[in-house]
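These notes are about the structure you will find just below.
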Amino acid sequence: MEGCRADCRPLYSKKAGRLILKCHAGGLDGDLATNAACRGRVTYLLCNIGAEEVEVRSRRVKRVYVGEALELLRGYAKALSRARWRALDARLLQPCGEPSSCLEARRRFLQALLSPKPPLGKLYSDPATAILNIEWELLKLEAAEGRRRGCDVCLKSYEGALRRLKGEVKSTELYRKLARVAQKVGSVEEAYAQVLKASRVEVLHWGLEEEACLRGREPLDEYEVPPFRVRIMDLSPVEKLYVPSPSLSPWELSLMREAARSVRRASSYVYGLAENRLSVLLELKRREAEAVLRRLWPDAVKEAFRFRNLVEATVYKSLGLLKIAPFLLDDQVEEFFLDGPFTHVYLHHARWGRCRSSVVLSGKDVERVVTHLKAESGRSVDYENPSLKCDLVTPSFHVRASVDVPPLAVDGPALDFRKLRKRLWTLPELVANGTLTSELAAYLLFCLFRRRNITVAGEPDAGKTTLINALDLCAPPHWRKVYVEDVTESVSQRGLGRHQVRLKVDPLESGRKGFTKSLEVLKLLHRSPDMIILSEVQTPEHTKALFQALGAGLRGLQTCHASTIEGLLRRWVLHHGVHPANILDLDVIVLMRKLQSGGREVRRVVRVGEVEPAAGGFKLVEVFSWTPGVGLLKSMDLYETPTLVRVRELEELPKAKFQEELRSYVEAIEDLAASRAGLEEAAERLTTLYFRYAA
0 MEGCRADCRP LYSKKAGRLI LKCHAGGLDG DLATNAACRG RVTYLLCNIG AEEVEVRSRR
60 VKRVYVGEAL ELLRGYAKAL SRARWRALDA RLLQPCGEPS SCLEARRRFL QALLSPKPPL
120 GKLYSDPATA ILNIEWELLK LEAAEGRRRG CDVCLKSYEG ALRRLKGEVK STELYRKLAR
180 VAQKVGSVEE AYAQVLKASR VEVLHWGLEE EACLRGREPL DEYEVPPFRV RIMDLSPVEK
240 LYVPSPSLSP WELSLMREAA RSVRRASSYV YGLAENRLSV LLELKRREAE AVLRRLWPDA
300 VKEAFRFRNL VEATVYKSLG LLKIAPFLLD DQVEEFFLDG PFTHVYLHHA RWGRCRSSVV
360 LSGKDVERVV THLKAESGRS VDYENPSLKC DLVTPSFHVR ASVDVPPLAV DGPALDFRKL
420 RKRLWTLPEL VANGTLTSEL AAYLLFCLFR RRNITVAGEP DAGKTTLINA LDLCAPPHWR
480 KVYVEDVTES VSQRGLGRHQ VRLKVDPLES GRKGFTKSLE VLKLLHRSPD MIILSEVQTP
540 EHTKALFQAL GAGLRGLQTC HASTIEGLLR RWVLHHGVHP ANILDLDVIV LMRKLQSGGR
600 EVRRVVRVGE VEPAAGGFKL VEVFSWTPGV GLLKSMDLYE TPTLVRVREL EELPKAKFQE
660 ELRSYVEAIE DLAASRAGLE EAAERLTTLY FRYAA
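Laid out in structure tokens, this is it:
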């Protein structure tokens, strides 16, 4: 390899029996199969060290050698060490009074074979070629004529040394296997590639950054996510490149690694199934990191901001989460995925849409993440239960994490992290960003205040939970709200003086039958809720429990997966066994989708429907519909919708009064959207309208 001087500094752990070499060259070098200099360096070190494992680390990857490949190298190194001392005699390199050119020729040849200093001798770096060189040298000695008197003794000694070296090397298992493979494949280089293949290859760098994208080009976007800096680069027409890197100097990076080792050795641990275990563990590690770094960096008080960055990076490094920390901390990352070990993390970005990151997780990186998820959930993930879903809630981020492991995941553990916004979207904010119109928001608000049931359907990641949470925040503060969720996607509203009972049941992935969603929905009948909120209606049992609750008079908000409203109703009737007559217990059904707008993905309400009685069961009535190029438009007079007909059966509501109420809601929502009002202000103003019109 060009530029490799084989002078990398070795690290040897006698206790672990591990030899580590850190390659100074960049890229993917440091491969014993293809890099002769690296191979020679390891062989020379194995002459003196009985390592059970060899790691060769370059800037981007780590190659680990154990098993047969290492045994072949160790056996060869021992044989070469013996041969060197048995075959060589100091007298071979002593002047004999004859012309010095003969002595210099022997010295150069032996140095080319056995030099322990860079460039290393061929017997260390390339034994196959070294044997050919020895055989050629022996042929030249045999053909030499006109030897001077006294040369026979000297040259015979030299020939004997070479023959002993040749015999020792050719008797090793490494050489014999190289010879067999080379004869079979017709190439010495390919023989090395097969015989000395690394046992394991792990990515060490933040990722194989797309050099063509990063060099010579300006980033599309660049911003800070302490302790990281994020760059967005142009990668392809359909994907951007997300490149995170620690905002630390080389000296601070070194300090971080040293401090992380000290923090890992600390005895802090969160025992038992503590709530929000990761949050508690992060805080403990943060205190330990601060203490360690203050000892290592006494002047830290003068660099408060850089010190905080260093502490945070150290904490995530000590927990094995440094590589995914930028995605967890970046509020613009909505969801990120990993298809398997040694693949790129990719993500949905709020501004730039689908991005492929420069981060690659190794097998050990993925194992650490899965371990944290198991500890947080208190559930195992194994052959019998190969899927796991849980929440990670900390002051810095809130995510819903899912993992699938073999045998379900064929290519190794697959990860999915759905980010939940630390500050919830309010209904006016959703109007401001175009998710729905102010008129539809006002209509949904009217239905909510009249305790009508609202179902939000859509594809995965279409924004269903976001809309449900926004409507939930609009509910009057005195209502008793009961939530049934398998993953906590709702947010505590106790700070707003709201009444919430949040129940968390076992997800489908757990395989347990203890706290099931269907059972808890049925038990809601005895909990006297004013409104119920269900996270996802998934299975036939969930659906039947929902309609039993609706039939008993409970109303609320729920989400479910569907691509169309008709498809959702068909699934409930045909596959889940709901009688068509029970479908009439539904009120408003909202359909959401992800659409492309301006080169990025956006979430939009594309349809609103309701059901009314018809011959044979029910009929779907379209209330709002999506027109490409125009947007969401009203399809009928809102005063005549099936939900309004039911409301008017129980309440005296002239059309003029309904229109006045709806107009007040529209004005309030548009004012709040234009002024970018906060959560408290929006809640207070909408609550005032509730008591004016609906209470």
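So for the sequence shown, numbering that gives the first Met the number 0 puts the first residue at 0; every next one is plus one.
Backbone N, C-alpha and C fix where the C-beta goes; we use that ideal spot for every residue, glycine too.
Small disclaimer: the values here were computed from a predicted structure and weren't measured.
Coarse secondary structure for residue i, derived from DSSP in three states
i: Pro539; result: helix
i: Glu210; result: Here Glu210 scores only 47 on pLDDT, less than 50, and its place in the model is too uncertain to base an answer on.
i: Lys116; result: coil
i: Pro9; result: strand
i: Thr687; result: helix
i: Arg162; result: helix
i: Pro245; result: strand
i: Ser674; result: helix
i: Glu103; result: helix
i: Phe341; result: coil
i: Ala681; result: helix
i: Ile564; result: helix
i: Tyr482; result: strand
i: Glu257; result: helix
i: Leu661; result: helix
i: Leu426; result: helix
i: Glu1; result: With a pLDDT of 46 at Glu1, under the threshold of 50, the modelled position of this residue cannot be trusted; read the value that follows with caution. Here Glu1 sits in coil by DSSP.
Start and end residues, beta strand (DSSP E) containing residue i
i: Gln595; result: Val587 to Ser596
i: Ala400; result: His397 to Asp403
i: Glu600; result: Arg599 to Ala613
i: Leu632; result: Gly630 to Lys633
i: Tyr315; result: Careful: Tyr315 lies outside any beta strand (DSSP E), inside the alpha helix (DSSP H) at Ala303 to Ser317.
i: Gly457; result: Ile453 to Gly457
i: Leu573; result: No beta strand (DSSP E) holds Leu573; DSSP gives it neither H nor E.
Where the alpha helix (DSSP H) containing residue i begins and where it ends
i: Gln499; result: Here Gln499 belongs to no alpha helix (DSSP H); instead the beta strand (DSSP E) covers His498 to Lys503.
i: Gly39; result: Ala35 to Leu45
i: Asp724; result: Residue 724 cannot be examined here, being either before or after the span of the chain that is shown, 0 to 694.
i: Ile323; result: That residue, Ile323, is in no alpha helix (DSSP H); it is neither H nor E in DSSP.
i: Leu20; result: Segment Arg17 to Lys21 is the beta strand (DSSP E) holding Leu20; no alpha helix (DSSP H) there.
i: Asn448; result: Checking the sequence, you will find Phe at residue 448 rather than Asn. Segment Ser437 to Phe448, the alpha helix (DSSP H) holding Phe448.
i: Trp135; result: Pro126 to Ala142
i: Glu648; result: Pro641 to Leu649
i: Glu172; result: Glu172 to Val184
Among the options, nearest to residue i - alpha-carbon criterion
i: Ser253; options: Ala312, Glu54, Val184 and Ala441; result: Ala312
i: Pro427; options: Val229, Glu167 and Ala667; result: Ala667
i: Ala32; options: Glu188, Leu161 and Glu103; result: Glu188
i: Pro754; options: Ala178, Glu136, Trp84 and Phe108; result: Residue 754 lies beyond the range of the chain shown here (0 to 694); nothing can be said about it.
i: Ala456; options: Leu72, Ala78, Glu217 and Leu568; result: Leu568
i: Ala160; options: Ala82, Met530, Ala544 and Tyr345; result: Ala82
i: Val370; options: Pro459, Gln110, Val402 and Leu137; result: Val is not the amino acid found at residue 370; the sequence shown has Thr there. Selected option, being the one with the closest Cα: Val402.
i: Trp351; options: Tyr174, Pro218 and Tyr442; result: Pro218
i: Phe335; options: Lys316, Gly319, Val359 and Ser317; result: Val359
i: Pro236; options: Lys61, Ala461 and Cys354; result: Cys354
i: Ser395; options: His575, Leu328, Arg501 and Ser317; result: Leu328
i: Ala673; options: Glu650, Asp220, Asn432 and His525; result: Asn432
i: Thr42; options: Val60, Leu18, Val314 and Leu447; result: Leu18
i: Tyr174; options: Ala76, Pro117, Pro226 and Glu141; result: Ala76
i: Asp330; options: Gly462, Lys301, Val368 and Val398; result: Val398
i: Pro528; options: Leu283, Leu649, Val500 and Ala400; result: Val500
C-beta atoms of residue i and residue j nearer than 9 Å
i: Pro385; j: Leu407; result: yes
i: Ala259; j: Phe445; result: no
i: Ser534; j: Glu488; result: yes
i: Val55; j: Leu69; result: no
i: Val665; j: Glu333; result: no
i: His343; j: Ser361; result: no
i: Ala374; j: Trp424; result: no
i: Asn275; j: Val392; result: yes
i: Leu429; j: Thr464; result: no
i: Ile453; j: Val587; result: yes
i: Leu447; j: Pro476; result: no
i: Gly39; j: Gly16; result: no
i: Ile531; j: Gly555; result: yes
i: Val601; j: Thr434; result: yes
Closer than 8 Å: residue i CB and nearest the ligand MN heavy atom
i: Val262; result: Among the components modelled here there is no ligand, and therefore nothing to report on the ligand MN.
Are the region 523 to 538 and the region 556 to 563 in contact at 8 Å, needing three or more beta carbon pairs?
-> yes
If we count Cβ pairs, one from each stretch, closer than 8 Å, do we get three or more for the region 279 to 296 versus the region 219 to 233?
-> no
Any 3 or more C-beta pairs closer than 8 Å across the region 592 to 607 and the region 618 to 628 = yes
Taking one C-beta from the region 103 to 113 and one from the region 125 to 139 each time, how about it: are there three or more such pairs within less than 8 Å?
-> The region 103 to 113, when compared against the region 125 to 139, does touch it at the 8 Å Cβ threshold.
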